[in-house]
Each structure stands twice: as structure tokens, then as C-alpha cells.
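Some notes on the structure that comes next.
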């Protein structure tokens, strides 16, 4: 199993974005030292008191200078906010700064209404078919810009990007539904499923991806389906300690459901009080068909559960995120996770 990290640059309670970014850099360096395959950063807007990860294309440039070998990418760039040419330009520059190490993760999502307006997002009602068609067109245009695949007679054929000598960014499509998976398959792209958003759709999504897969006619993806499962995972020396460390994750999920994010990640004891107790241990093994947005456990438990989940969806790659307020605990979680999986 290949293991990767996606980091949101969480802002601990009473802290700032400066500290969040410093921790993101340190975590990328730790992931590189431990043998993690990839380190992705996310894009969220209007949540600065909780998440400082707003501009992957900026943060990735800094991470490229602070690391040497680990692959770096976006998990994800929200295409609904941008023009494809600008996204392709940004990632071509990043690939020039770190040739052969850049993943261009593409997706879509919306934020709070005020953030959507500030980003210039057209929030007028669309049918699912209209929204899917718009997303498909933006993904395709971004790929053609990034790979220089516009024909000579196309109005964009004269545009050139700042490129590295030999490489181009590696495209991924990210999503949390069978429709995004189907699009990834039809375009022949690598696909990452966000299991920490809607885990119940993991198996039908990967089924849809494989059923629809056709190799990209412009060389944007692999010859065969290539998928990765994203999940919120917390690891500690014992199942009991890991369940306590997972409490802030569960508290944040409840806050989001109520529409009250709050300022920063709650400390463990605050989270336990909000939840009315320590979260239940993650079962090992999971009951048949059970999925969860977050899992926790000892290295042995986490390895067993991740193996069970990846076997269900037929992938070998996992990318993990966490919501752990104490940075030392967060680093230790990734160390133990790497140890448990054996990377």
C-alpha cells in the first residue's frame, strides 16, 4: 500500500495562519523522511479561523523549495472558481520549480455564500446535468492547456506555458460521488475519492470509474484505471488513545453540521465535552459494508482497517488527513501510521 498525506493547514485554537503554514512545511518534510508518496494541500475559502489552506498554488511553490523528493499536489484546486488557462499556467510553473514532482488535482466545491460571491462564482441554480457539463468542459480545457494539446487551428494554439525541460504536471480528478468518478474514467484520468466527505459512495464510485475508464487520447492519464482513497485517519500507540485524538475530528464534523465552525480546532477535552464522551473505537475489522468518514486506532488496527477498505474498492493508494490540535500528536500519528502500514 502506498501512503500519502493531504494537509488543510489547520489553525489550532488561539493560533494563526503563520503557525499553520509552518506546521504544513514541517509535516511535508516529515512525510518525505518517512517515505510517504505524496503531500497534497487543500483549498477552502471563508474558513480562515479553522483552515488556512486557501491557495494551493502559492503554498506548493514554498513546499517545493523546502522538500527534495516527495510528490506535491493540490487536493484540490476548485475549478469552478477559476479559468482553466490560469490553473494550467500555475501548475506548469510549479512543475518547472519541481520537475516530475507536481500533481495537478482538479475538483469542484463551494464555500460559504459570502466567499462564493467574493470569488466571483455564479451561484445561479443549475441542473446536475448542467453542472456536470460545465465541470467537464473546464477539466478538459485545463488538461489541453497543461499538456499543450490544442490543434493548430484552435484559437488557443499560439499560447505557450512556462515549462520544465521534460515534465508536465500529473493530472488527477478528485471527487466524492459516482458522477465525478465516471467523469474521471471517461477522461482517462487518475481518480481520488474523498472518503472523509461521503464514504458511503466509495464502492459505487470506484465501480463507476472502472466501468467508464478509457485511456486519455491526449496522454493525460494512465493506460489502466488508477485510484486512491482519501480518508481521515488518526493513529496512536493504543486504540484508546487514538479514539481520544479523534474527538476533535468528530466535534468539527458536528459543528459543520450545525453550521457553526468556531475558531480553530477544539482541544481534545473540549471536543470530548461537546461530544458527550470519547468517540467509540474503530472496529477491527469493520462490520460488513460499514464505512466511516474518520477512523482511529493503533498501528495494527489502522493497517488492518485500511487494508480492508482498499480491498473493498480495489485500490492500493491511500491519502490521509487528520484534525489533531496538538502538532506533536499529529506528527506522531503519521509516524505510527507509516510504521503500521510498513512504508
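Numbering (full-length UniProt numbering), first residue to last: 1 to 343.
Where is the CB? At the ideal position from N, CA and C, for every residue including glycine.
Remember, it's a predicted structure, so these values are computed and weren't measured experimentally.
- Just measuring C-alpha positions, the residue of 189, 176, 277 and 117 sitting nearest residue 142 is 189.
- Straight-line measurement puts the Cα of residue 144 at about 10 Å from the Cα of residue 138.
- Closest by C-alpha distance to residue 106, out of 100, 117, 93 and 88, is 88.
- Annotation for residue 79: 106, 108 and 138 place their beta carbon closer than 6 Å to its own, counting only its chain and skipping 5 residues before and after.
- Pairing residue 201 with residue 176, the inter-Cα distance amounts to about 7 Å.
- The segment 183-237 contains, as complete beta strand (DSSP E) runs of 3+ residues, the segments 190-194 and 227-235 (chain order).
- The DSSP assignment places complete alpha helix (DSSP H) segments of no fewer than 4 residues inside the segment 105-149 at 113-118 and 128-147, in order along the chain.
- Of the residues assessed, residue 182 falls on the buried side of the cut-off, its CB having 16 or more other CB atoms within 10 angstroms.
- Pairing residue 66 with residue 20 gives a Cβ-Cβ distance that is not under 9 Å.
- The residues 248 and 251, in chain order, have a CB closer than 6 Å to that of residue 266 in the same chain once the five nearest residues on each side in sequence are set aside.
- A direct Cα-to-Cα measurement between residue 136 and residue 237 gives close to 44 Å.
- The Cβ-Cβ distance between residue 39 and residue 14 does not fall below 9 Å.
- Close CB contacts of residue 243 within its chain, under the 6 Å cut and outside five residues either way in sequence, are with 278, 279, 281 and 296 (chain order).
- Here residue 59 carries a helix assignment [DSSP, helix/strand/coil].
- Rounded to whole angstroms, residue 172 and residue 103 show a C-alpha spacing of 7 Å.
- A Cβ-Cβ separation of about 6 Å places residue 229 in contact with residue 310 under the 8 Å criterion.
- Spatial neighbours of residue 52 in its own chain (CB-CB distance under 6 Å, excluding positions within 5 residues in sequence) are listed in chain order as 9, 11, 17 and 20.
- Between the C-alpha atoms of residue 221 and residue 269 there is a straight-line separation of about 45 Å.
- DSSP lists 12 as the bridge partner or partners of residue 265.
- With contacts defined by Cβ atoms closer than 9 Å, residue 239 and residue 301 form a contacting pair.
- For residue 299, no beta strand (DSSP E) segment is defined; the enclosing uninterrupted segment is the alpha helix (DSSP H) at 299-313.
- Looking at the DSSP output, residue 320 bridges to 5 and 231.
- Residue 299 is classed as buried because its beta carbon has at least 16 other beta carbons within 10 Å across all chains shown.
- In terms of Cβ geometry, residue 5 and residue 31 form a close pair [threshold 9 Å].
- Taken atom to atom, the span from the alpha-carbon of residue 192 to that of residue 158 is near 32 Å.
- Judged by their CB atoms, residue 185 and residue 212 are nearer to each other than the 9 Å cut-off.
- According to DSSP, residue 170 shares a beta bridge with 103.
- Under the 10 Å beta carbon count, residue 287 is surrounded by fewer than 16 other beta carbons and is classified as exposed.
- Around the C-beta of residue 260, fewer than 16 other C-beta atoms lie within 10 Å, and the residue is accordingly described as exposed.
- When secondary structure is reduced to three states using DSSP, residue 333 falls in the helix class.
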